[in-house]
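First to last, the sequence lines map onto chains A and B. Counting with numbering that gives the first Met the number 0, you get residues 0 to 236 for the letters of the first sequence. Counting with numbering that gives the first Met the number 0, you get residues 0 to 290 for the letters of the second sequence.
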Amino acid sequence: MTSIHASSLAVGYGKRPVVDNISLNMQPGELLVLIGTNGSGKSTLLKTLAGLINPMHGDLSLLGSAPGQLPTQVAYLPQHPVSSHTLPLCVQDVVAMGRYAHLGLFKRSTDTDRAIVLESMKRTGIDSQANDPIRDLSGGQQQRTHLAQVLARRAEVLLLDEPTAGLDLNGRKAVADLIATERARGVTVVLATHELADAESADLVMLLAQRVVSLGAPADALRDEYLRECFGFTQPH
Amino acid sequence: MNYLIDPFANNEFMRLALFGGILVACTCAIAGTFVVLRGLAFVGDALAHGVLPGIATAMLLGVSGIVGAAIGAAVMMGGVSVVSRRFRLSGDTAIGLLFVGMLALGVMITSRSASFVGDLAHILFGELLGITTTDLAWQFIALVIVGIIAFVGRRPFLLLSVDDGLARTSGFSARLFHNVMLTMVAITVIASFQTVGTLLVLGMLIAPAATGSLFARRIESMMLIAALVGSLSTYIGLLVSYHYDLAAGASIVLTAVVIFAISATANEIRKSRGHDHHDHEHPHVHGEIHV
Numbered sequence: 000m001t002s003i004h005a006s007s008l009a010v011g012y013g014k015r016p017v018v019d020n021i022s023l024n025m026q027p028g029e030l031l032v033l034i035g036t037n038g039s040g041k042s043t044l045l046k047t048l049a050g051l052i053n054p055m056h057g058d059l060s061l062l063g064s065a066p067g068q069l070p071t072q073v074a075y076l077p078q079h080p081v082s083s084h085t086l087p088l089c090v091q092d093v094v095a096m097g098r099y100a101h102l103g104l105f106k107r108s109t110d111t112d113r114a115i116v117l118e119s120m121k122r123t124g125i126d127s128q129a130n131d132p133i134r135d136l137s138g139g140q141q142q143r144t145h146l147a148q149v150l151a152r153r154a155e156v157l158l159l160d161e162p163t164a165g166l167d168l169n170g171r172k173a174v175a176d177l178i179a180t181e182r183a184r185g186v187t188v189v190l191a192t193h194e195l196a197d198a199e200s201a202d203l204v205m206l207l208a209q210r211v212v213s214l215g216a217p218a219d220a221l222r223d224e225y226l227r228e229c230f231g232f233t234q235p236h
Numbered sequence: 000m001n002y003l004i005d006p007f008a009n010n011e012f013m014r015l016a017l018f019g020g021i022l023v024a025c026t027c028a029i030a031g032t033f034v035v036l037r038g039l040a041f042v043g044d045a046l047a048h049g050v051l052p053g054i055a056t057a058m059l060l061g062v063s064g065i066v067g068a069a070i071g072a073a074v075m076m077g078g079v080s081v082v083s084r085r086f087r088l089s090g091d092t093a094i095g096l097l098f099v100g101m102l103a104l105g106v107m108i109t110s111r112s113a114s115f116v117g118d119l120a121h122i123l124f125g126e127l128l129g130i131t132t133t134d135l136a137w138q139f140i141a142l143v144i145v146g147i148i149a150f151v152g153r154r155p156f157l158l159l160s161v162d163d164g165l166a167r168t169s170g171f172s173a174r175l176f177h178n179v180m181l182t183m184v185a186i187t188v189i190a191s192f193q194t195v196g197t198l199l200v201l202g203m204l205i206a207p208a209a210t211g212s213l214f215a216r217r218i219e220s221m222m223l224i225a226a227l228v229g230s231l232s233t234y235i236g237l238l239v240s241y242h243y244d245l246a247a248g249a250s251i252v253l254t255a256v257v258i259f260a261i262s263a264t265a266n267e268i269r270k271s272r273g274h275d276h277h278d279h280e281h282p283h284v285h286g287e288i289h290v
């Protein structure tokens, strides 16, 4: 089954589209990297995929359903996850919230849920701080916690909005490894980023500048004329 | 010891006030935890004042103030929802408009009463020393209802406390559960106005829960600390009120705020002295993983 299908899709707020005429098909295990400047439409597209904003027009489906209809199979990491100073939650509680889509209102958590939470914390390297209040952690540690929460969903589609923000080089490498592992088990990943290096391992790259500048394999989508149009400069060769 | 126990041992009205205050403290601890976490203090304040015209009308008509408060709260919640969506105003503007409007209406209605000042003071500051066993029964029912709502809605409430989007992408309707949370706050306000009054109930909703948030690492422990602080405030406030002939409701709420101030100061001193060992006390996962 196609993981993500979009045809003549327009996304935006109110009556004004931010990006329109988006058409793409993604298969299980593929990685789409969205690249563009601030305000280019990356986050708007991700929010639309997550079901937080309604598509303005065109067709869009994830795993054969409308956006927002499969909370157990689609997980979304927002650009700046909230880690309120007032939240008296420790890391494992925040990660456990990733299981709520599966548990709903009434289901009791099982040993499997707890094992998934623990494994997710280990995979992002935050397990050593499982019992620490999230409000006492650094920005990078909080980001690892939110990443673990997304992994705990055990979703088939991951929508990640700048997941490496606030992470050091080791953290960035760890995220890249996580994405590779998820793809290997058939998870489709859409990643919004400012980093051109993140596009190297992608199946598809979409350059955005309030419109689709280019879409295709990295070598095609990142050609100099597209980069110049998008950023005003090209990569050093 | 007599100073601490005799007022309750020798006076039934003091015992009833203590039981009533503890029931309110427990109810406010549950609802107040989510008020603090989700940042609903202004909504809580508006709800507390929005019930005023309902109670005033009920008093004029000679029917139960609880019924009037319930109608006032429903009008307030519906009004905020309609004003913010239809007129594209920010939430706090809509709440502010309804808040002052309902408060003014309540004062106008109360001014028709022969005992204007007395009725208004009763509504705003409560009449803790005059509560009956029937009032206690109502407060107990409210506590059970609020407890059930909080238990059933704990997961979406927690997600909403982090982010509306997280709740929605987890399969929960943000609007539905936000309204359920407001209903829970409204029930708490309605059940508590007899005890601490509509003006001071906000203090019982926020101060104990805020104290809990300083020390707790889990929602359950935040609620437990809030309930203990609220109950302790009730006891101390009633004692102060009895011995120094001060208003009971105000004494209780002021005690709760003072406990928060002392706790916050102590917490800051503890942190500044580097006694906060969070970063190194738990090098590995231990104990049970809670989901």
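Where is the CB? At the ideal position from N, CA and C, for every residue including glycine.
Name the residue from the options whose alpha carbon lies nearest to the alpha carbon of residue i.
| i | options | result |
| --- | --- | --- |
| A/ALA5 | A/PRO66, A/ARG184 and A/VAL186 | A/PRO66 |
| A/ALA114 | A/VAL94, A/VAL17 and A/HIS56 | A/VAL94 |
| A/LEU76 | B/VAL66, B/LEU237, B/ASN266 and B/SER169 | B/SER169 |
| A/LEU59 | A/SER2, A/LEU30, A/LYS106 and A/ARG15 | A/SER2 |
| B/GLY196 | B/PRO155, B/PHE259, B/GLY125 and B/VAL252 | B/GLY125 |
| A/ARG182 | A/ASP135, A/ASN169 and A/ALA201 | A/ALA201 |
| A/GLY97 | A/MET120, A/ILE34, A/GLY139 and A/ALA218 | A/MET120 |
| A/GLY11 | A/ALA151, A/MET55 and A/ALA179 | A/MET55 |
| A/LYS172 | A/ALA151, A/GLU194, A/VAL189 and A/LEU69 | A/GLU194 |
| B/ALA8 | B/LEU39, B/TYR241 and B/GLY64 | B/TYR241 |
| A/ALA198 | A/LEU177, A/VAL90 and A/ALA220 | A/ALA220 |
| B/ILE291 | B/MET13, B/GLY31 and B/ALA265 | An answer regarding residue 291 of chain B cannot be provided, because it is not within the stretch 0 to 290 covered by chain B. |
| A/ARG134 | A/ASP110, A/ASP92 and A/THR111 | A/ASP92 |
| A/GLY103 | A/LEU69, A/CYS89, A/LEU117 and A/HIS145 | A/LEU69 |
| B/LEU165 | A/GLY170, A/GLY40, A/LEU168 and A/ARG152 | A/ARG152 |
| B/ASP163 | A/GLY35, A/THR36, A/LEU51 and A/GLY40 | A/LEU51 |
| B/VAL161 | A/TYR225, A/GLU224 and A/LEU88 | A/LEU88 |
Can you tell me whether residue i is helix, strand or coil according to DSSP?
| i | result |
| --- | --- |
| A/HIS4 | strand |
| A/ARG15 | strand |
| A/ILE125 | coil |
| A/ASP92 | helix |
| A/VAL188 | strand |
| A/ALA9 | strand |
| A/ASP167 | coil |
| B/MET101 | helix |
| B/SER110 | helix |
| B/HIS48 | helix |
| A/ALA65 | coil |
| B/ILE147 | helix |
| B/ASP134 | helix |
| A/LEU86 | coil |
| A/ALA74 | strand |
| B/VAL62 | coil |
| A/ASN53 | coil |
| A/PRO217 | helix |
For residue i, which residues in the same chain have their Cβ closer than 6 Å to its Cβ, ignoring the five residues on either side in sequence?
| i | result |
| --- | --- |
| A/LEU45 | LEU158, ASP160 and ALA191 |
| A/THR71 | ALA100 and HIS101 |
| B/GLY67 | GLY53, ILE54, THR56 and ALA57 |
| A/LYS14 | none |
| A/VAL174 | PRO162 and THR163 |
| B/ALA206 | ALA255, VAL256 and PHE259 |
Which whole-angstrom value is the C-beta distance of residue i and residue j, which I expect to be below 8 Å?
| i | j | result |
| --- | --- | --- |
| B/ALA47 | B/LEU175 | In fact, because the Cβ distance is near 23 Å, the residues do not count as touching under 8 Å. |
| A/VAL156 | A/VAL73 | 5 Å |
| B/ILE108 | B/LEU59 | 7 Å |
| B/GLY49 | B/MET75 | 3 Å |
| B/SER172 | B/THR26 | Not confirmed; about 25 Å, so no contact. |
| B/LEU204 | B/GLY43 | 5 Å |
| A/VAL90 | A/ILE125 | 6 Å |
| B/ALA28 | B/ALA225 | 4 Å |
| A/LEU226 | A/GLY215 | Not quite, the Cβ-Cβ distance comes to about 13 Å (not below 8 Å), so this is no contact. |
| B/LEU223 | B/LEU17 | Actually they are not in contact, since the Cβ atoms of B/LEU223 and B/LEU17 sit about 19 Å apart, beyond 8 Å. |
Who are the Cβ neighbours of residue i in its own chain at under 7 Å, not counting the five residues just before and after it?
| i | result |
| --- | --- |
| B/LEU22 | LEU135, GLN138, PHE139 and LEU142 |
| B/ILE144 | ILE186 |
| A/MET0 | LEU62 and GLY63 |
| B/PRO155 | ALA166, PHE171 and PHE176 |
Could you tell me whether any Cβ in chain E is nearer than 8 Å to the Cβ of residue i?
| i | result |
| --- | --- |
| B/ARG167 | Although the question refers to chain E, the structure presented lacks it and instead comprises the protein chains A and B. |
Leaving out the 5 sequence neighbours to the left and right, which residues in its chain are closer than 8 Å to residue i when beta-carbon positions are compared?
| i | result |
| --- | --- |
| A/VAL186 | PRO27, GLY28, ALA154, GLU155, VAL156 and LEU157 |
| A/ALA9 | PRO16, VAL18, ASP19, ASN20, ILE21, PRO54, MET55, HIS56 and GLY57 |
| B/LEU245 | VAL239 |
For the ligand NAD, any of its heavy atoms closer than 7 Å to the Cβ of residue i?
| i | result |
| --- | --- |
| B/SER232 | No copy of the ligand NAD occurs in the structure displayed, which carries no ligand at all. |
Three or more C-beta pairs below 8 Å linking the region 93-107 of chain B and the region 208-222 of chain B: no
With contact counted as at least three CB pairs below 8 Å, one residue from each stretch, are the region 150-161 of chain B and the region 179-193 of chain B in contact? yes
Report yes or no: do three or more beta-carbon pairs, one from the region 199-217 of chain A and one from the region 12-21 of chain A, lie closer than 8 Å? yes
Taking contact to mean 3 or more Cβ pairs, one atom from each stretch, closer than 8 Å, check whether the region 63-77 of chain B and the region 12-29 of chain B are in contact. no
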